[in-house]
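Residue numbers (my numbering), protein chains in the order written: chain G, 7 to 218; chain S, 87 to 509.
Glycine included, each C-beta is placed from N, C-alpha and C at the ideal position.
Predicted model only: the values in this text are computed from it and were never measured.
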Amino acid sequence: MKTIKNTITALFTGTLLSVLLVSCADSQSPGVEFMPDMYRSSAIEPYVDYNFPDSATTLQSPENSIPRGYTPYPYENTIEGFELAGQNLKNPLQLTEKTIEEGKLLYNNMCSHCHGKKGKGEGTITNPIYGSVPSYLDKIPNRRGNRAMVDLNEGHIYHTIMYGLNAMGPHSSQIREQDRWKIVAYVQILQGKDPMNVAKATDVVIEADSLK
Amino acid sequence: MKLLLFTKSKVHFQALFVFLFLFAFSTTKLVAQEDGEKLFKSYCASCHSTGSNQLVGPGLAGVSDKYEREWLYNWIKDSQGLIASGDADAVAIFEEFNKIPMPAQPVNNEQIDAILDFIKASEAAAPAAEVVVAETTSESTSGDGSSDGGLFVVLGLIILFLIVISILRGVSHSIQTVRAEQIGAQNPEERTMLQAFFDWINANKTIVALISIVILSFVAKLGWDAAVDIGIYTGYQPEQPIKFSHKLHAGTNGIDCNYCHSSASFSKSAGIPSPNLCMNCHTYIQEGPQYGKEEIAKIYAALDFDPVTKKYGTNQKPIKWVKVHNLPDHVYFNHSQHVTVGKIACQKCHGPVEEFTVGKQHESLTMGWCIDCHRETKVQMTDNGYYDEIHKRLPEKLKAQYLEDGTITVSELGGIECAKCHY
Numbered sequence: 007m008k009t010i011k012n013t014i015t016a017l018f019t020g021t022l023l024s025v026l027l028v029s030c031a032d033s034q035s036p037g038v039e040f041m042p043d044m045y046r047s048s049a050i051e052p053y054v055d056y057n058f059p060d061s062a063t064t065l066q067s068p069e070n071s072i073p074r075g076y077t078p079y080p081y082e083n084t085i086e087g088f089e090l091a092g093q094n095l096k097n098p099l100q101l102t103e104k105t106i107e108e109g110k111l112l113y114n115n116m117c118s119h120c121h122g123k124k125g126k127g128e129g130t131i132t133n134p135i136y137g138s139v140p141s142y143l144d145k146i147p148n149r150r151g152n153r154a155m156v157d158l159n160e161g162h163i164y165h166t167i168m169y170g171l172n173a174m175g176p177h178s179s180q181i182r183e184q185d186r187w188k189i190v191a192y193v194q195i196l197q198g199k200d201p202m203n204v205a206k207a208t209d210v211v212i213e214a215d216s217l218k
Numbered sequence: 087m088k089l090l091l092f093t094k095s096k097v098h099f100q101a102l103f104v105f106l107f108l109f110a111f112s113t114t115k116l117v118a119q120e121d122g123e124k125l126f127k128s129y130c131a132s133c134h135s136t137g138s139n140q141l142v143g144p145g146l147a148g149v150s151d152k153y154e155r156e157w158l159y160n161w162i163k164d165s166q167g168l169i170a171s172g173d174a175d176a177v178a179i180f181e182e183f184n185k186i187p188m189p190a191q192p193v194n195n196e197q198i199d200a201i202l203d204f205i206k207a208s209e210a211a212a213p214a215a216e217v218v219v220a221e222t223t224s225e226s227t228s229g230d231g232s233s234d235g236g237l238f239v240v241l242g243l244i245i246l247f248l249i250v251i252s253i254l255r256g257v258s259h260s261i262q263t264v265r266a267e268q269i270g271a272q273n274p275e276e277r278t279m280l281q282a283f284f285d286w287i288n289a290n291k292t293i294v295a296l297i298s299i300v301i302l303s304f305v306a307k308l309g310w311d312a313a314v315d316i317g318i319y320t321g322y323q324p325e326q327p328i329k330f331s332h333k334l335h336a337g338t339n340g341i342d343c344n345y346c347h348s349s350a351s352f353s354k355s356a357g358i359p360s361p362n363l364c365m366n367c368h369t370y371i372q373e374g375p376q377y378g379k380e381e382i383a384k385i386y387a388a389l390d391f392d393p394v395t396k397k398y399g400t401n402q403k404p405i406k407w408v409k410v411h412n413l414p415d416h417v418y419f420n421h422s423q424h425v426t427v428g429k430i431a432c433q434k435c436h437g438p439v440e441e442f443t444v445g446k447q448h449e450s451l452t453m454g455w456c457i458d459c460h461r462e463t464k465v466q467m468t469d470n471g472y473y474d475e476i477h478k479r480l481p482e483k484l485k486a487q488y489l490e491d492g493t494i495t496v497s498e499l500g501g502i503e504c505a506k507c508h509y
């Protein structure tokens, strides 16, 4: 009699516990964590809430600090800056088939949803605001500095990636310097040009720095 | 008779003429509008919309009524000249739109007329389009029923069952009492429900044993499953501070994963995009198809951005996204190694994210899951910049042994060594 009673009690509590455990699996909670001291890093990791005073998990770098491998960009986001960049900036990369191929990959990732895979403005963005992106082959001279899209040179394109233009936002924070130049080279191909057959002047970039 | 015929044919001729005239007129009208659309797209659309919303420059709805045609010709062809001449309207616009100069457009008066006609025509078409948008937005996304419902139903049924049994027992007891009185026997002993239950158990031990075994194994299974799930967050789908939809951005609009998670290809972390990246598009796109302005306004609030003047304030605060994929610290994982070197698609580990309205953990991210993939995945042996040196040093004998099945997998190159990930 007593053993049966005990069995029943055990069964009952067991069921209740299991129900409790199972009901923890709701989509809002990650569930039970096993040994948090092994799961959580004692060193600082990105995107973990460390209860910093302004509740940010990624802190802004101290003022005037520059990232590793940073090259200053001396041209300002003005028409004059755009013109100067167009005159002075030259692609510092040694362009090969491989860099062009990398440029194509980067272009497809970072640009094609607005500018289209063929650069004709046939992007996949459905919002009407980005419904009529100009083609790189556009010959109407109504762009900045009364140029046509097809006439923009490498410096102009680089400057546009840095600061954006009209409805296009600045992309300098998400594309690295080398990658920007690879994209520039591929955009030139979409303009119908051949960036690989243009003589390279690698020291021009340094000259541009001393301009300021 | 002859006269009659003549007049009749003349009427026909007139009708034909009128018809031809109307036809010609309507087609020229149509052509002009099509031209206007084309011209608008190549000359105006990168800075202006045909509605009333401001892009870089003002929305152009009602522009023909607002200004004289002659003034518009002058402005479009040489806005800077008009400003320099001291025209009050021109200076006012220049000041209002942050002194961003509008480049002189190489168009003639006929083309400007066509453009303005197109703007007028799309104004007339706009209200209908807005209604369609409003209808599609009224779709609700609720339907996320909670799973607690089932538990309450079962508990309710058990309670109901017990009540019915106790009523039936009461009825049965009174019947027995009545019958005992009728035949003059002793009143039946009154037992509590629990006593009766234990008596029944004593009488039917085999059945009880069988039921106990079934219940026990069921409970054990539930308990086992729950215990195995400890530390596994599959299906974790927390509510985020902004109702960002991957389905809308990566699915419908076809934006590549790398556009926002740009560091995935060269860093350990794939990166949560900072709000400045949202603003690449949302400076101008201020209204979404599902929640209208409500959710996008949260980005503006975080950046202290004024959507009308397009100026940023100083009172900025971070957006607290909830991290979904949490790997424990004792395992090392690097995105760039998988994305750039291994050329693994994002969806392989994160599931069809482009179909998720709310982000969630699709895979289990357990060690077994990692190892399964490392056993199957083939290594690209040639032209692999990252592993070239390792491949060169791989002894020929081992290479031949590994290549017996035609491929070299990650595990054959040490991809399941403990210290590869745990160090």
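Original post:
Just the Cα atoms here: how many angstroms apart are residue 90 of chain S and residue 210 of chain S?
Top reply: Any reading at residue 90 of chain S needs caution, since the residue's pLDDT is 46, under 50, leaving its predicted position unreliable; the model's value is listed next. Cα-Cα distance, rounded: 48 Å.
**OP:** For residue 44 of chain G, count neighbouring C-beta atoms within 10 Å of its own C-beta (all shown protein chains included) and say buried if the count is 16 or more, exposed if not.
**Re:** Counting every other CB atom within 10 Å of its CB across the protein chains shown gives residue 44 of chain G a total below 16, marking it as exposed.
Original post:
Taking the continuous alpha helix (DSSP H) assigned at residue 557 of chain S, which residues delimit it?
Top reply: Nothing about residue 557 of chain S can be read from this structure; chain S reaches only from 87 to 509.
**OP:** Just mark residue 508 of chain S as buried or exposed, buried being the case when its beta carbon has 16 or more other beta carbons within 10 Å.
**Re:** Counting the other CB atoms within 10 Å of its CB gives residue 508 of chain S a total below 16, which places it among the exposed residues.
Subject >> Any C-beta of chain G under 8 Å from that of residue 365 of chain S >> reply: Chain G contact via Cβ: present.
**OP:** Quick one: list the residues of chain G neighbouring residue 131 of chain S, beta-carbon separation under 8 Å, in chain order.
**Re:** The contacting residues are 137 and 138.
Original post:
Residues of chain G with a CB under 7 Å from the CB of residue 325 of chain S: which are they?
Top reply: One finds 34 in chain G with Cβ atoms closer than 7 Å to the Cβ of residue 325 of chain S, taken in chain order.
Subject >> Nearest-angstrom Cβ-Cβ length linking residue 197 of chain G and residue 143 of chain G, presumed shorter than 8 Å >> reply: The C-beta distance from residue 197 of chain G to residue 143 of chain G rounds to 7 Å, short enough to fall under 8 Å.
Original post:
What is the rounded straight-line gap between the Cα of residue 492 of chain S and the Cα of residue 477 of chain S?
Top reply: Taking the straight line joining both Cα atoms gives about 15 Å.
Original post:
Just to confirm, are residue 348 of chain S and residue 180 of chain G a CB contact at a threshold of 8 Å?
Top reply: Closer than 8 Å, so yes.
**OP:** Rank S/150, S/138 and S/367 by C-alpha distance to the C-alpha of residue 199 of chain S and give the top, closest one.
**Re:** The residue with the shortest Cα to Cα distance from residue 199 of chain S is S/150.
**OP:** Check whether the stretch 303–310 of chain S touches the stretch 403–423 of chain S, counting contact only when three or more Cβ pairs, one atom from each stretch, lie closer than 8 Å.
**Re:** Judged by Cβ distances under 8 Å, the stretch 303–310 of chain S makes no contact with the stretch 403–423 of chain S, as fewer than three pairs qualify.
**OP:** For residue 40 of chain G, name the three-state secondary structure that DSSP assigns.
**Re:** If DSSP states are grouped into helix, strand and coil, residue 40 of chain G belongs with coil.
Original post:
Which parts of the stretch 131–198 of chain S are runs of the alpha helix (DSSP H), unbroken and 4 residues or longer, counting only runs that do not cross its ends?
Top reply: Runs found: 149–152, 155–163, 165–170 and 174–182.
**OP:** Return no unless some Cβ of chain G is closer than 8 Å to the Cβ of residue 201 of chain S.
**Re:** The C-beta of residue 201 of chain S comes no closer than 8 Å to any C-beta of chain G.
Original post:
Do residue 439 of chain S and residue 324 of chain S have their C-beta atoms within less than 8 Å of each other?
Top reply: Result no, Cβ atoms of residue 439 of chain S and residue 324 of chain S do not sit closer than 8 Å.
Subject >> Where residue 277 of chain S sits in the DSSP three-state scheme >> reply: It is coil, neither helix nor strand.
Original post:
Is any beta-carbon of chain S found at less than 8 Å from that of residue 37 of chain G?
Top reply: Closer than 8 Å to some Cβ of chain S, the Cβ of residue 37 of chain G qualifies, so yes.
Subject >> Beta carbon of residue 97 of chain G nearer than 8 Å to that of residue 201 of chain G >> reply: Residue 97 of chain G places its beta carbon less than 8 Å from that of residue 201 of chain G.
**OP:** Kindly say whether residue 74 of chain G, judged by its beta-carbon, lies nearer than 8 Å to any beta-carbon of chain S.
**Re:** Chain S contact via Cβ: absent.
Original post:
Quick check: the stretch 143–161 of chain S against the stretch 201–210 of chain S, are there 3 or more CB pairs under 8 Å?
Top reply: Contact annotation: the stretch 143–161 of chain S touches the stretch 201–210 of chain S, with at least three C-beta pairs closer than 8 Å.
Subject >> DSSP three-state assignment for residue 171 of chain G, whether helix, strand or coil >> reply: Correct three-state label for residue 171 of chain G: strand.
Original post:
For residue 133 of chain G and chain S, any beta-carbon pair shorter than 8 Å?
Top reply: Yes, contact with chain S.
Original post:
residue 191 of chain G and residue 95 of chain G look like a contact to me (Cβ under 8 Å); what is the Cβ gap, rounded to whole Å?
Top reply: In fact, because the Cβ distance is near 13 Å, the residues do not count as touching under 8 Å.
**OP:** Measure from the C-beta of residue 214 of chain G to each C-beta in chain S and report whether the shortest distance is under 8 Å.
**Re:** Because residue 214 of chain G carries a pLDDT of 41, less than 50, the predicted location of this residue cannot be relied on, and the following value inherits that uncertainty. Interface annotation, residue 214 of chain G: not in contact with chain S, CB-CB separation never under 8 Å.
Original post:
Is residue 188 of chain G buried or exposed, if buried means 16 or more other CB atoms sit within 10 Å of its CB?
Top reply: With 16 or more other Cβ atoms within 10 Å, it is buried.
Original post:
Going by Cα to Cα distance, which pick from G/114, G/84, G/116 and G/139 is closest to residue 134 of chain S?
Top reply: Proximity to residue 134 of chain S across G/114, G/84, G/116 and G/139 peaks at G/139, based on C-alpha coordinates.
Original post:
Cβ of residue 356 of chain S within 8 Å of Cβ of residue 416 of chain S?
Top reply: Contact: no.
Original post:
Does DSSP classify residue 391 of chain S as helix, strand or coil?
Top reply: In the structure shown, residue 391 of chain S sits in a strand (DSSP, three-state: E or B).
Original post:
Quick one: which chain G residues come within Cβ less than 8 Å of residue 355 of chain S?
Top reply: Those are 52 and 53, listed as they occur along chain G.
**OP:** Could you list the residues in the stretch 139–169 of chain G with a C-beta less than 9 Å from some C-beta on chain S, going in chain order?
**Re:** Correct list: 139, 140, 141, 144, 146, 147, 148, 149, 150, 151 and 152.
**OP:** Whole angstroms is fine: what's the gap from residue 93 of chain G's alpha carbon to residue 108 of chain G's?
**Re:** Here the alpha carbon of residue 93 of chain G sits roughly 26 Å from the alpha carbon of residue 108 of chain G.
Original post:
Out of curiosity, what's the CA-to-CA distance linking residue 370 of chain S and residue 447 of chain S?
Top reply: The alpha-carbon of residue 370 of chain S is positioned some 32 Å away from that of residue 447 of chain S.
Original post:
Which of the residues in the stretch 112–124 of chain G, read from start to end, lie with their CB under 8 Å from any CB of chain S?
Top reply: Listed by position along the chain: 114, 115, 116, 118 and 119.
**OP:** Let me know the secondary structure DSSP gives residue 145 of chain G once reduced to three states.
**Re:** Taken through DSSP and simplified to helix, strand or coil, residue 145 of chain G comes out as coil.
**OP:** Please check the pair residue 148 of chain G and residue 191 of chain S, which I expect to be a contact at CB under 8 Å, by giving their CB distance rounded to whole angstroms.
**Re:** Here residue 148 of chain G really is in contact with residue 191 of chain S; their C-beta atoms are around 5 Å apart, less than 8 Å.
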